[in-house]
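Residue numbers (this note's numbering), protein chains in the order written: chain A, 13 to 886; chain B, 2 to 363.
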């Protein structure tokens, strides 16, 4: 039987998709994260109990008094478990996944119901999606969408799509054929048959499908915690990793409360929205009469209740919001120069004006100013500036082009100097036009260019100069006709001609992004007919420099070179109108350091390094040493102005995320052995920032009540005591491979013992069980590990050193990290922790319990005052 | 208002290559042959004409193709071959949109299991056809209420279908069909799902309505009694073909073949027959000379029996002008009841002399 390389095909398909369809995934990611962020923001904003109240009113309306009360109790319980934020993250995730699932599945179900062929095609696809183990697409989802919400949404979506499609199809197909025939017999169009007969009657079934979508989504959202979506799934994952049954059940119960609530609400909604359901409910109510526990308010009352609560929530959100804004300012520290001060910039809609204005808008906003950018014509701009209603503008062409304005208003303006220059006016031809290098060369070539020079607005100064002086000086005025049009039309004409490689002469000026996008020749002007080049000046109203000395200083020092300016212009031009500032941000990303250079924050030790601007994504494993070190860095770095976003994930996803650049750092890389597989797979895209803790060891451990087993050799002949089993961890990890291929054969244990593949939590659970019963057990372990402090265990000696010399715990970063964070990289490389320090920090964290890690770190740092300075030493 | 409905050589074949199958059927191929090849000939060469205002009953056992035939009349099924003409329009030549327009305005339908929309009230159900036509709400509700009142459902407009009994539900179905003022009413076993008493009521009501509305009605049934009661003309279908078309008495007295005859055996003749069918036309002229009760040509059989029981001699039958057209001897009445039209044999030991006389008279 030949080996069919299906796996290779899938790998190359994934590579191809990554290479060629990235735009699609980026777009989807944008949609997913956008929706998710929106919903999550709404859910996180109000006070927990208030939102619980809103949920309760919803339940009161849909199901009655008892449901309302229970809802409030349930959500209040979640809040008291301190899982509210996580629960809302999960809820948002499920809602987004459901929303998207419905948008896809209901139309698909309708289509499948109407066509047997589609139905036959869709069914195996659904089976595939539903039964394929989630891990198999959860990990690739990171490749395509990065870690975090969107990968979780995609995984949830794939899993939850099927019942939506199935139930919609079933519901429509279940509608009595005679009813459909009756509709047709009265001349109903197919569309109306669907909308007025089939869908309303199928609605209960469709809603049952919605219910299933939500339920499956919720169960999947828990699994998706593995890829760093956070929420309750993250808590569950963490609890499993630490074998913390208590925390696990807390988050598990929170998930169950969410599930029950969503289930009851959607099924009640099912009866509410479908006409048949309403009929049935009304009949039931009539039969039972009014009872307090099943009393349901009228929709109007419910809506009013919701609105009132939502308004209260909104109001508190405003106050809460200002509160957080204040803290954000505090955190911003030295960056907030503006303190919300308003600055008004005026600009002329010329490319370099737009570019520089929005660049400054972005920079000033980053520095805490409130900036308002207004567009003017040249004349009104000078007037406004002179009157003081505009603070500054960046697009004055002096001394020539704007000479008349300067003459008129100059005494009421401050010239903050030229930021770009010299500029020039010129005629340009594409560089593929050979033999035309200067204005003089144009002579006699009129037929080549059709006798036309494509101009811009006839009112522009350049056009006047061209017609009245330049052409005459070179004797071209008889031969060429200057076509008046507009700047966009000239550029369009240039683009058209350029793509067809046709000769063309256009009126242009420098700086202009056209020089960035096309290969053009500026025609030389040996006679100097265009005159001397202007500089582009920044003008401010009189008194601006006095009011804003810092900004004035920045503006005075403002310089851009031609490459910077034209690339910025090209970026803005690409983004299109209304998105200038986004384009500026994109450009700033591509040109890091510009903000710091253009608007240096005045000295002082509190100033955050420029690299701290971007939020750091740090992944962590729910292992004690990683929790400790990650929280420690979080504390220390946040004091230095960095922002850290912690994501709890599994080993595989972390390495994938690091390689993809979604994750910046992970402090818990066991190298060179334990995580060798992961490291080898993408080591080109990773950076090893060095060891912070050693030594570590890999070993087999047995409880110390197992007498006579002190070393690996001692295991020989004792297989019956251990049931012939060594409890392993995840198959494929370095330690397991080492154990199976080298250690056991090396000690001659491979015939006697079987290594049980499983997972770390399962191994720990097995250890705990055996320990409680005082039964002999051999487990695969490593040091440092909390199991050694909780149980009395013997590390079996490895006399032959077959487990190899110990791993060290290192910090691993994404490939770009060292360039992006030079300072942080230096700090991390110098970072070391002693066994004492790590041990005391871990026990401090353990003592304070889950959810209080930050307090624990703060307390520990007080006892170890030198550590923070050592970590971020000069 | 009403118009003539005509069909010409209608075929409906389900399965692959229907046109070839039609060709073979035209050449005399058997339905069973085709079935062996996996094609089903549901309707074979059906031609008939329904005059305006007539009730045309299509009668046959299940599987005989009558429902398929009905659905071709309003285009729910497209005929494989042949034509349907209604109101001068060839329905088989219309586009989908035009056909829907015809269904919305000119042809309405009443279903076996009522097919009421459970998510609409009685009034909304009755107004459905008008809603499809785009009639404004106020007008369509008025017309729906009128149709409901016509069907005896005044006061039930706001109820829901599931609150009504079967008979009432079918009245809503009928009202829905009548509300659009369509000229042609297709009724697909409309009363079959009702219990016998209600079914009779509904039949009476339909006949009553028809007296004033004068719709052209095609009524499908598997019940010959119902067919005889309602039908001005009856078509009997067997295995996709129409085997006989005629009036009730034609079918009963002159069945086209044994199949039809076997059908008629169970029919309650006394309901169908009238004096016209039973009477002896060889009259002497003096039977009406006495002052005894006489019958008219359309006197039903049961009433004739009643008269005969009261009159000592054969009952005289007069036409509208009072002229004597026939006589009905008691013997003949008994003979029709027993489906025996031969003359009585002579008896070895006649119990009285009257017996001989009766034989001579017959």
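Ideal Cβ placement from N, Cα and C applies to all residues, glycine included.
Put residue 51 of chain A into one of helix, strand or coil per three-state DSSP. Along the first chain, read from residue 1 onward, the residue named residue 51 of chain A stands at position 39. Note: residue 51 of chain A maps to helix in three-state DSSP.
Could you check which residue in A:659, A:442, A:215 has the C-alpha nearest to that of residue 530 of chain A? Translated into positions along the first chain, residue 530 of chain A becomes position 518. The option with the nearest alpha carbon to residue 530 of chain A is A:442.
C-alpha gap between residue 13 of chain B and residue 27 of chain B, whole angstroms: Here residue 13 of chain B refers to the residue found at position 12 when the second chain is read from its first residue. Here residue 27 of chain B refers to the residue found at position 26 when the second chain is read from its first residue. When rounded, the distance between both Cα atoms is 12 angstroms.
CA-to-CA distance, residue 366 of chain A to residue 429 of chain A, given in whole angstroms: Numbered from its first residue, the first chain carries residue 429 of chain A at position 417. Numbered from its first residue, the first chain carries residue 366 of chain A at position 354. Looking at the backbone, the Cα of residue 429 of chain A and that of residue 366 of chain A are separated by about 18 angstroms.
Would you please verify whether the beta carbon of residue 15 of chain B is less than 8 angstroms from any beta carbon of chain A? On the second chain, residue 15 of chain B is found 14 positions in, with the first residue counted as 1. Using beta-carbon distances, residue 15 of chain B does not count as an interface residue toward chain A, since no partner is under 8 angstroms.
From the DSSP secondary-structure annotation, give me the bridge partner or partners of residue 284 of chain A. As a first step, residue 284 of chain A is located in the first chain; it is residue number 272 there, counting from the start. DSSP lists no partner for residue 284 of chain A.
Return the Cβ separation of residue 117 of chain B and residue 162 of chain B in integer angstroms, given the expectation that the two are a contact with Cβ distance under 8 angstroms. In the second chain, residue 117 of chain B corresponds to position 116, counting from 1. In the second chain, residue 162 of chain B corresponds to position 161, counting from 1. Yes, they are in contact, since the Cβ atoms of residue 117 of chain B and residue 162 of chain B sit about 4 angstroms apart, within 8 angstroms.
How would you write the range of the beta strand (DSSP E) that residue 396 of chain A sits in, first residue to last? Working through the first chain from its first residue, we reach residue 396 of chain A at position 384. It is not in any beta strand (DSSP E) - residue 396 of chain A instead sits in the alpha helix (DSSP H) that spans 390-399.
Measure from the alpha carbon of residue 10 of chain A to the alpha carbon of each residue in A:74, A:463, A:757, then state which is nearest. Residue 10 of chain A lies beyond the stretch modelled for chain A, which goes from 13 to 886, so this question has no answer here.
Using the rule of at least 16 other Cβ atoms within 10 Å of the residue's Cβ for burial, across every protein chain shown, is residue 618 of chain A buried or exposed? What you label residue 618 of chain A is simply residue 606 of the first chain in a count that begins at 1. Low local confidence applies: a pLDDT of 42 at residue 618 of chain A is under 50, so the model's placement there is unreliable, with the coordinate-based value given in what follows. Looking at its Cβ environment, which holds fewer than 16 other Cβ atoms inside 10 Å, residue 618 of chain A is exposed.
Could you tell me whether the segment 217-233 of chain A touches the segment 102-112 of chain A, where touching means 3 or more Cβ pairs closer than 8 angstroms? yes
Within 10 angstroms of the Cβ of residue 140 of chain A, are there 16 or more other Cβ atoms? Answer buried if so, exposed if not. Residue numbering aside, residue 140 of chain A sits at position 128 when the first chain is read from its first letter. Result: exposed.
As a quick exercise: from A:33, A:275, A:357, pick the residue whose alpha carbon is nearest that of residue 374 of chain A. Here residue 374 of chain A refers to the residue found at position 362 of the first chain. Ranking A:33, A:275, A:357 by Cα distance to residue 374 of chain A puts A:357 first.
Helix, strand or coil for residue 296 of chain B per DSSP? Locating residue 296 of chain B in the second chain gives position 295, counting from the first residue. It is a strand residue.
In terms of residues, what are the limits of the alpha helix (DSSP H) holding residue 227 of chain A? The residue given as residue 227 of chain A occupies position 215 in the first chain. Here the alpha helix (DSSP H) through residue 227 of chain A covers 211-235.
Cβ of residue 766 of chain A within 8 angstroms of Cβ of residue 811 of chain A? Walking along the first chain from the start, residue 766 of chain A turns up at place 754. Walking along the first chain from the start, residue 811 of chain A turns up at place 799. Going by C-beta atoms, residue 766 of chain A is not nearer than 8 angstroms to residue 811 of chain A.
Tell me, please, whether the CB atom of residue 333 of chain A is closer than 8 angstroms to any CB atom in chain B? As a first step, residue 333 of chain A must be located in the first chain, where it is residue number 321. Bear in mind that the predicted position of residue 333 of chain A carries a pLDDT of just 41, short of 50, making it too unreliable to give a figure here.
Would you report the Cα separation of residue 750 of chain A and residue 84 of chain A, rounded to the nearest angstrom? Indexing the first chain from 1 puts residue 750 of chain A at position 738. Indexing the first chain from 1 puts residue 84 of chain A at position 72. Near 53 angstroms, if we compare the C-alpha coordinates of residue 84 of chain A and residue 750 of chain A.
From B:189, B:229, B:281, B:197, pick the residue whose C-alpha is nearest to that of residue 208 of chain B; which is it? Stepping through the second chain from its first residue, residue 208 of chain B is reached at position 207. Residue B:229 is the option with its Cα nearest to residue 208 of chain B.
Using 8 angstroms as the threshold, is the segment 702-713 of chain A in touch with the segment 816-828 of chain A, meaning 3 or more CB pairs across them? yes
Closer than 7 angstroms, Cβ to Cβ, to anything on chain A: give me those residues from the segment 92-108 of chain B, in chain order. Those would be 101, 102, 104, 105, in chain order.
Could you tell me if residue 409 of chain A is buried or exposed, where buried requires 16 or more neighbouring beta carbons within 10 angstroms of its beta carbon? Here residue 409 of chain A refers to the residue found at position 397 of the first chain. Residue 409 of chain A comes out buried.
Count the other CB atoms, across all protein chains shown, that sit within 10 Å of the CB of residue 18 of chain A; report buried if there are 16 or more and exposed otherwise. The residue you call residue 18 of chain A lines up with position 6 of the first chain. Exposed, because fewer than 16 other Cβ atoms sit within 10 Å of the Cβ of residue 18 of chain A.
What residues from chain A crowd round residue 77 of chain B, counting only those whose CB sits closer than 9 angstroms? Position 76 of the second chain, counted from the first residue, corresponds to residue 77 of chain B. Near residue 77 of chain B (Cβ distances below 9 angstroms), the residues of chain A are 193, 196, 197.
Contacts around residue 45 of chain A, its chain only, beta-carbon distance under 7 angstroms, and the 5 residues preceding and following it disregarded: Here residue 45 of chain A is taken as the residue at index 33 of the first chain, counted from 1. Contacts found: 161, 162.
For a contact defined as C-beta to C-beta under 7 angstroms, what are the partners of residue 120 of chain B on chain A? Here residue 120 of chain B is taken as the residue at index 119 of the second chain, counted from 1. In chain order: 212, 213, 287, 288.
Assign residue 596 of chain A to one of two classes, buried (16 or more other C-beta atoms within 10 Å of its C-beta) or exposed (fewer than that). Stepping through the first chain from its first residue, residue 596 of chain A is reached at position 584. With 16 or more other Cβ atoms within 10 Å, it is buried.
From what residue to what residue does the beta strand (DSSP E) around residue 409 of chain A run? By one-based count along the first chain, residue 409 of chain A stands at place 397. Here the beta strand (DSSP E) through residue 409 of chain A covers 404-410.
Just to confirm before moving on: does the CB-CB distance between residue 231 of chain B and residue 111 of chain B stay below 8 angstroms? In the second chain, residue 231 of chain B corresponds to position 230, counting from 1. In the second chain, residue 111 of chain B corresponds to position 110, counting from 1. The Cβ atoms of residue 231 of chain B and residue 111 of chain B lie no closer than 8 angstroms to each other.
Can you check which of these residues, A:611, A:364, A:835, is closest to residue 376 of chain A by C-alpha distance? Walking along the first chain from the start, residue 376 of chain A turns up at place 364. Nearest of A:611, A:364, A:835 to residue 376 of chain A, Cα basis: A:611.
Give every residue of the same chain whose Cβ lies closer than 6 angstroms to the Cβ of residue 80 of chain A, excluding the five residues on either side of it in the sequence, and list them in chain order. Within the first chain, residue 80 of chain A is the residue found at index 68, counting from 1. Excluding residues within five positions, the ones whose Cβ falls inside 6 angstroms are 68, 71, 72.
How many Å lie between residue 61 of chain B and residue 254 of chain B at the Cα? Reading the second chain from its first residue, position 60 is the one you call residue 61 of chain B. Reading the second chain from its first residue, position 253 is the one you call residue 254 of chain B. Computed Cα separation, rounded: 18 angstroms.
Contacts of residue 369 of chain B in chain A (Cβ-Cβ under 7 angstroms): Outside the displayed span of chain B (2 to 363) sits residue 369 of chain B, for which this structure offers no information.
List, in chain order, every chain B residue whose beta-carbon is nearer than 7 angstroms to that of residue 190 of chain A. For the purposes of this step, residue 190 of chain A is identified with residue 178 of the first chain, where counting begins at 1. Correct list: 112, 114, 116.
Is it buried or exposed for residue 205 of chain A, if we count other Cβ within 10 angstroms and need 16 for buried? To locate residue 205 of chain A, count along the first chain from 1; it is residue 193. Buried.
Going by the CB atoms, is the gap between residue 516 of chain A and residue 492 of chain A shorter than 8 angstroms? Against the first chain, residue 492 of chain A aligns to sequence position 480. Against the first chain, residue 516 of chain A aligns to sequence position 504. Going by beta carbons, residue 492 of chain A and residue 516 of chain A fall outside the 8 angstroms limit.
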